[in-house]
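Below is one structure; the comments refer to it alone.
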Amino acid sequence: REVWKAASKLRMYRSEARTLLASAANSQERGLEGHQKTQSEEILAKLIRYGIIKSDANIDDILSLKTENILERRLQTQVLRLGLARTVVQARQFITHGHIAINGRKATVPGMLVSKEDEMHIGYYSTSPLVSESHPERPVQVAASLADSTTTLRAVAEAKQAREKPPERGGGRKKRGRR
1123 REVWKAASKL RMYRSEARTL LASAANSQER GLEGHQKTQS EEILAKLIRY GIIKSDANID
1183 DILSLKTENI LERRLQTQVL RLGLARTVVQ ARQFITHGHI AINGRKATVP GMLVSKEDEM
1243 HIGYYSTSPL VSESHPERPV QVAASLADST TTLRAVAEAK QAREKPPERG GGRKKRGRR
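Using the numbering used here, the first residue of the sequence shown is number 1123, and each one after it goes up by one.
Written out as structure tokens, the structure is:
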């Protein structure tokens, strides 16, 4: 369902971009003027604000966007990328249960698009039990990076992988098939 919503939103942006490019092609010598120019600036400003396209992009760049570009800006994905959750499912659960906040305000919609400005202010909600560093569901790298600012994320990730490495199988009694 989320993929469909993102694809629909992308389809809307691409349709508007095609319409604007077609109107610019009809009046080739003049280019975009008046309402069309402001409309194209608004679309670009919105996509830049959300970090979907780069700040030096133009209308043509909207046509090359993929659904993944929009899905990457969802709150659920940003919580995972910032290391506030271990998995996408856990990120979604933290958000719906009210453990995640943006600028100190509780956010409970996992599909919400997060702007570049708000991305820097995503964290745990002040009354959430996850604020405690010793909470068992809190990801290791967040607790470690908050406890010791000199710890690098790479070292924490390597330590996490070493702990989660599955034990080697082997030895023991072999099962025999029926004869």
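Cβ atoms here follow ideal geometry from the backbone N, Cα and C, with glycine treated the same way.
Straight-line CA distance for residue i to residue j?
i	j	result
Ser1254	Arg1171	32 Å
Ala1229	Thr1249	13 Å
Leu1275	Thr1141	Because the pLDDT of Leu1275 is 45, which lies under 50, any placement of that residue in the model is unreliable, and the number read from its coordinates should be weighed accordingly. Taking the straight line joining both Cα atoms gives about 45 Å.
Thr1209	Lys1159	42 Å
Ile1192	Gln1200	12 Å
Ala1144	Lys1131	20 Å
Arg1136	His1243	30 Å
Arg1196	Leu1204	12 Å
Leu1235	Ile1174	10 Å
Ala1207	Leu1166	31 Å
Pro1261	Glu1241	19 Å
Comparing alpha-carbon positions, which option in the options lies nearest residue i?
i	options	result
Ile1217	Glu1194, Gln1198, Arg1203, Lys1188	Gln1198
Ala1147	Glu1163, Glu1124, Ile1181	Ile1181
Trp1126	Glu1190, Ala1167, Gly1226, Ser1256	Glu1190
Ser1186	Ile1222, Glu1163, Arg1133	Arg1133
According to the neighbour-count rule (16 or more other Cβ atoms, all chains shown, within 10 Å of its Cβ), is residue i buried or exposed?
i	result
Pro1232	buried
Leu1169	buried
Pro1251	exposed
Pro1091	The chain is shown from 1123 up to 1301; residue 1091 falls before or after that span and cannot be answered.
Thr1272	Caution is warranted here: a pLDDT of 34 is assigned to Thr1272, below 50, making its placement in the model unreliable, and no coordinate value can be reported.
Look up residue i in the DSSP assignment and give the residues it is bridged to.
i	result
Ala1207	Beta-bridge pairing links Ala1207 to no other residue.
Lys1228	Ala1223
Arg1140	Paired residue(s): none; Arg1140 is not in a bridge.
Gly1245	Ala1223
Leu1235	Arg1196
So residue i and residue j are supposed to be a Cβ contact under 8 Å. How far apart are they, rounded?
i	j	result
Ala1139	Ile1184	4 Å
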